[in-house]
Ligand code: NAP
């Protein structure tokens with residue numbers, strides 16, 4: 305039986321730690337503010353934005369919500385970002401993705417001040433991570449790293465396989481594991497012998513965006529399996545990229561879906577907002 309890595313508990317601990325530090329800063333007269341921009345009414349985005357707002361309330365971070373209409377032009381959005389960049393009261397800026405097709409996401413991400421880039425998507429943040437400099441780290445991979453560390457899973461010298469190479473999950477995940485001295489292999493849709501490579505892993509991080517893709521055939525007995533995927537199955541129940549029922553008996557440790565990586569993403573966003581404010585104070 306695998307050890308179940310409890311993302312709900314660990315994310316709760318992180319939020320409580322952030323809350324304590326936010327309170328301490330408040331006592332010194334320093335309030336932290338996160339600005340969240342949503343363009344259009346994508347239902348999934350509305351849920352994510354709502355959850356971020358709730359987390360802000362819990363930890364004591366002030367959240368400013370900008371709900372812009374679907375027809376907002378790229379120029380108008382850039383102006384809003386610029387205004388928030390210049391607003392001394394705002395510590396973090398988050399533009400909820402995806403944006404409507406007529407707006408170039410990269411141009412918007414690049415317009416956010418790297419000092420307020422709490423999502424960690426700005427090229428400067430990504431570059432800092434890849435050369436080992438301090439900077440914001442994308443919340444989901446940062447959450448995975450936190451799960452590993454707080455579950456006592458050693459990374460140094462271990463074979464780490466990351467399945468998926470997206471800019472927001474796979475690539476920063478690989479960089480983080482490398483920073484922790486893991487031996488890292490990144491797989492993607494063109495990888496050959498995927499099962500054999502995955503089976504080498506002591507730590508297997510799965511972010512392929514395909515429900516129940518990874519079965520026991522991909523997993524070395526005793527490996528730690530981290531499932532980043534989130535999907536709804538035919539019965540509207542949540543499931544991940546890993547077939548939990550088949551993999552759990554083989555793995556040494558595993559994250560469930562829900563209750564694994566999911567809650568960590570928002571906890572790390574709160575952590576990044578706190579860090580933005582502390583960094584600014586310094
Ligand atoms: P993505 O942008 O769609 O990237 C998927 C990656 O998987 C790509 O690099 C793709 O390779 C690779 N891939 C696809 N099919 C594959 C296959 N058959 N074999 C090997 N690699 C394959 O997805 P993402 O944004 O990284 O997200 C991944 C999953 O995590 C999704 O289920 C998403 O919903 C979830 N997610 C969860 C959170 C959270 O908070 N828990 C946050 C973000 C994402 P190519 O590059 O070759 O196309």
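Numbering (the working numbering), first residue to last: 305 to 586. All C-beta atoms, glycine included, are put in the ideal place defined by N, C-alpha and C.
Is residue i buried or exposed, if buried means 16 or more other CB atoms sit within 10 Å of its CB?
i, result
"residue 464", "buried"
"residue 320", "exposed"
"residue 479", "buried"
"residue 559", "buried"
"residue 442", "buried"
"residue 435", "exposed"
"residue 576", "buried"
Looking at the strands, I want to know which residues DSSP matches up with residue i.
i, result
"residue 531", "510"
"residue 342", "371"
"residue 394", "Looking at the DSSP assignment, residue 394 forms no beta bridge with any residue, so it has no partner."
"residue 313", "In DSSP, residue 313 forms no bridge with anything."
"residue 518", "546"
Just to confirm, are residue i and residue j a CB contact at a threshold of 8 Å?
i, j, result
"residue 407", "residue 381", "yes"
"residue 510", "residue 490", "no"
"residue 544", "residue 512", "no"
"residue 499", "residue 521", "yes"
"residue 568", "residue 311", "yes"
"residue 352", "residue 400", "yes"
Hey, how far is the Cα of residue i from the Cα of residue j?
i, j, result
"residue 375", "residue 553", "50 Å"
"residue 573", "residue 334", "19 Å"
"residue 359", "residue 458", "29 Å"
"residue 527", "residue 344", "42 Å"
"residue 555", "residue 322", "32 Å"
"residue 388", "residue 338", "10 Å"
"residue 460", "residue 415", "36 Å"
"residue 411", "residue 306", "43 Å"
"residue 505", "residue 473", "18 Å"
"residue 390", "residue 557", "45 Å"
"residue 565", "residue 482", "19 Å"
"residue 439", "residue 431", "9 Å"
"residue 419", "residue 549", "43 Å"
"residue 538", "residue 515", "11 Å"
"residue 413", "residue 451", "27 Å"
Any C-beta of chain D sitting closer than 8 Å to the C-beta of residue i?
i, result
"residue 377", "Looking for chain D here will not work: only one protein chain is present."
Unbroken beta strand (DSSP E) runs of length 3 or more, entirely within the segment 452–491: which are they? 463–467, 487–491
Under 7 Å, CB to nearest heavy atom of ligand 2: contacting residues: In terms of ligand content, the structure shown lacks ligand 2 and carries ligand 1 instead.
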